[in-house]
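Before any comments, here is the structure.
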């Protein structure tokens with residue numbers, strides 16, 4: 506018994522990660538360095554972020570693509586190419602196949618998309634025989650967003666993959682975000698299911714899905730969270746609004762996770778935070794057996810670096826928080 | 478006040494004007510017996526409509542005292558239901574009761590657009606049970622009126638039932654939305670409706686009650702069973718109203734309680750301008766009497 510309580514205490518001691526800078530610090534200088542395989546790496550954006558992650562002692566990089574171009578671009582960016590492991594490969598499809606094989610076999614820990622088109626890249630990831638999906642898993646995307654004006658990190662889903670998630674996909678999205686929050690040391694995140702209003706209407710399929718999900722959370726069918734929805738962004742993230750509106754909600758303006766009803770709602774939301782609220786993000790694909798880094802070109806240098814940091818955190822199975 | 482027995486409903490009538498009950502097609506042995514008994518106990522003051530000769534014949538055979546009973550003679554039985562309904566809509570009676578006439582006949586008059594008892598609400602049936610093994614009266618809906626209610630119907634049924642239970646002194650009824658399981662299951666519509674009703678209740682879109690569901694029958698009525706399953710619920714184990722998924726499971730539960738658990742039951746139709754006592758042929762005289770009592774207590 507005593508040992509058990511001691512272990513519990515030790516676990517509770519784990520510090521929570523409350524900012525993306527802290528996330529980067531946490532995954533640096535690990536004894537066992539994670540191996541990052543980059544598909545079709547001859548891309549400025551990609552090499553810049555990977556170079557920084559290598560310099561910060563976060564990962565070892567394995568770059569697959571046109572070796573001449575990779576070296577040329579690296580020099581242009583002022584990155585020391587000796588710190589990379591560069592493998593020449595002739596075409597992008599082959600590069601995708603090889604890098605997917607590498608992480609699948611365990612020779613590398615993290616996969617990252619380079620210059621290759623997203624559709625071709627995802628085709629290899631989703632390949633039934635040789636791909637990286639967990640059995641029957643939904644592919645989705647979760648971002649951890651650091652906004653100066655919000656009192657904690659916000660986990661937002663789905664910013665990139667699922668256009669109109671159905672109930673099953675929404676449940677998967679919630680579970681992915683909850684799993685990610687757990688890695689940050691948030692054991693019972695508050696999940697806000699976002700709509701235009703907090704009212705229930707049988708005419709809105711999203712509201713119906715949300716009500717069902719709340720009951721599933723109540724019954725433990727979705728575990729380790731406090732869930733409520735539909736809620737608008739104010740009720741989800743602003744305590745004052747909750748008081749003014751008098752809505753009885755366990756999320757109460759203190760949301761850790763925002764789940765959006767559609768890509769068209771979620772994507773502009775996160776981009777708005779980046780552009781107008783000085784947000785930075787760390788995002789990754791979810792549902793795969795190993796972390797897959799896939800980011801938009803328009804992301805800031807910092808955010809790209811944070812994406813790699815996040816994949817390191819998620820790859821480390823031993824980390825509780 | 479928490480009621481444990483149907484007979485305790487009578488206390489709710491103290492110091493209130495006696496309600497007027499109208500019985501159409503009154504030449505009905507069992508109904509007449511219950512009405513006369515309720516009248517003698519000062520629960521209602523009855524008006525009987527029908528063939529006076531027939532009514533008096535039954536009364537003398539059974540030794541019923543008709544001294545304080547108003548009888549409106551109408552030998553054409555088809556007309557009596559219409560007359561009874563009109564008395565209620567003209568505010569000459571507070572409770573409507575079905576006599577020796579088909580349910581559909583009476584309801585067609587109740588639903589008459591000109592002089593019926595429509596309020597815009599769905600009509601629904603509520604049965605209030607006195608079961609020895611439960612710590613208070615427990616209501617069940619809908620076991621007799623709505624066959625396969627959809628979400629909108631279920632909301633109306635809940636609202637009807639809440640008003641009725643309020644009149645019985647249950648200020649914030651605890652409502653269990655029943656399913657076969659307490660988990661949400663996409664292939665069981667009842668569990669999905671239950672989740673939606675719960676959320677609408679949390680958002681105050683269904684007021685004056687606490688709704689939880691899906692709950693399986695055992696978690697709804699036994700706290701021990703709910704705790705055993707790890708269900709956190711304000712309703713579990715202390716349910717005032719069981720909302721049934723459809724009439725088939727509702728009707729079977731109703732009859733199981735009566736025949737296996739020897740439960741006493743009172744039932745009325747809600748949602749019309751006045752409560753309607755609409756007992757079935759198989760109901761005992763006691764059940765009819767208790768239903769009159771329930772109707773008198775829930776009449777405006």
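Chains as they are written, first to last, in my numbering: chain A, 506 to 826; chain B, 478 to 777.
Just so you know, even glycine gets a beta-carbon here, dropped at the ideal spot from N, CA and C.
The three-state reading of DSSP puts residue 706/A in coil, since its state is none of H, G, I, E or B. Uninterrupted alpha helix (DSSP H) stretches at least 4 residues long and entirely within the region 548-581 of chain B occur at 554-566, given in chain order. Under the three-state reduction of DSSP, residue 517/B is assigned to helix.
Taking the C-beta atoms as reference points, residue 543/A is found no nearer than 7 Å to residue 563/A. DSSP places residue 660/A inside the beta strand (DSSP E), whose first and last residues are 659-662.
Per DSSP, residue 705/B lies in no beta strand (DSSP E) segment; the continuous alpha helix (DSSP H) that holds it begins and ends at 700-705. Note on residue 749/A: under 16 other CB atoms within 10 angstroms of its CB, so exposed under the neighbour-count rule. Looking at the backbone, the Cα of residue 664/B and that of residue 658/B are separated by about 12 Å. When rounded, the separation of the alpha-carbon atoms in residue 598/A and residue 627/A is 11 Å.
Contacts with chain B at 7 Å (Cβ-Cβ) include residue 716/A. Listed along the chain, the chain B residues whose CB falls inside 7 Å of the CB of residue 561/A amount to none; the nearest CB is some 45 Å away.
Any Cβ of chain B closer than 7 Å to the Cβ of residue 547/A would place that residue at the interface, and such an atom is absent. Of all residues in the region 663-675 of chain B, only 663, 668, 669, 671, 672, 673, 674, 675 place a beta-carbon less than 9 Å from a beta-carbon of chain A.
About 7 Å separates the CB atoms of residue 718/B and residue 618/B; that is less than 8 Å, so the two are in contact. DSSP lists no bridge partner for residue 752/B.
Rounded to the nearest angstrom, the Cβ distance from residue 686/B to residue 649/B is 6 Å, consistent with a contact under 8 Å. Taking a Cβ-Cβ cut-off of 8 Å, the neighbours of residue 703/A in chain B comprise 680, given in sequence order. If you compare the alpha carbons of 635/A, 680/A, 669/A, 760/A with that of residue 769/A, the shortest gap goes to 669/A. Note on geometry: alpha-carbon atoms of residue 608/B and residue 664/A lie some 55 Å from one another. A straight-line Cα-Cα distance of about 7 Å links residue 735/B and residue 742/B. In the structure shown, the three-state DSSP call for residue 524/A is coil.
Around the beta carbon of residue 802/A, fewer than 16 other beta carbons lie within 10 angstroms, which makes this residue exposed. Interface residue (Cβ-Cβ distance to chain B less than 7 Å): residue 678/A is not classified as such. At a cut-off of 7 Å between beta-carbon atoms, residue 724/A makes contact with chain B.
Assignment of beta-bridge partners to residue 593/A by DSSP yields 570/A.
Residues of chain A with a Cβ closer than 7 Å to the Cβ of residue 603/B do not exist; the shortest Cβ-Cβ separation is about 24 Å. For the 7 Å CB-CB criterion, residue 605/B and residue 771/B form a contact.
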